[in-house]
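For reference, the structure is listed below as structure tokens.
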Amino acid sequence: MLCRAIAAHEADVAEALVEAGADQDRELPDGTTPLVRAVDGGSPATVTAVLGREPRLRLPESERAALLARARRWYEEGAEAVLRQRTDAPGPVNSTTVILLGTEDFRVRLNATYGLLRRDDPRTQKAVARLGTAPPGHEDDHRVSAIRHWQGERDRSSGVPGEPPAS
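First residue of the sequence shown: 81, per the numbering used here; consecutive thereafter.
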């Protein structure tokens, strides 16, 4: 539940879960922790919520330094440079969101696809195709639901699943 709240940038929900005992420092199967995911997500409100009480007492200095380095990297190197390193995308960056689509991390692709959909960007259809099937644990994500709804609307208006509407 905590990871879902973090992925959805639901700071209030994440804070309530941490206060109720959710372990923000538990190692996940991918080697990260919910706290690391919050930092990587880039939302200061979510990070603050997931940090919980007394992080200086709870986290060793080495872990605190690693978390700060992760967060600082986005600001010192710039989002474009960090995204380029993550995706190995060549050429000039026309849109940070489009670069995000090249990553193997489903959560990052989901955020990018949802961002394009919300802006009614013409690249949304390709982004949805690149997104692929949601892995277990994302079935109830509001972004996945919005993308499915968008696909259904397009299918109904064109009469052909996966095809754009007729003009």
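Beta carbons are placed, not taken as given, at the ideal position from N, Cα and C, and that holds for glycine.
query, result
"Quick check: the Cα distance between R84 and S238, rounded to an integer number of angstroms?", "33 Å"
"Taking V208 as the reference, give the member of D220, E156, R189 with the closest Cα.", "R189"
"Can you find the residues in the same chain that come closer than 6 Å, C-beta to C-beta, to W230, ignoring five residues on each side of it along the sequence?", "L197"
"On the premise that L115 lies in contact with L148, defined as a C-beta separation below 8 Å, what is that separation, rounded to the nearest angstrom?", "Incorrect: roughly 12 Å between the Cβ atoms, too far for contact."
"Taking the alpha helix (DSSP H) that L135 belongs to, which residues open and close that run?", "Correcting the residue type first, residue 135 is Pro in the shown sequence and not Leu. 135-138 is the extent of the alpha helix (DSSP H) around P135."
"Three-state secondary structure (DSSP) at A145?", "helix"
"Look at the alpha carbon of R136 and the alpha carbon of T204, and state the distance between them as a whole number of angstroms.", "42 Å"
"Just how far apart, CA to CA, sit P216 and D235?", "25 Å"
"Applying the 10 Å Cβ sphere with the 16-neighbour rule, what's the burial state of T126?", "buried"
"Measure the alpha-carbon distance for I227 versus D200 and round it to whole angstroms.", "12 Å"
"How would you call G195, buried or exposed, if buried means at least 16 neighbouring beta carbons within 10 angstroms?", "buried"
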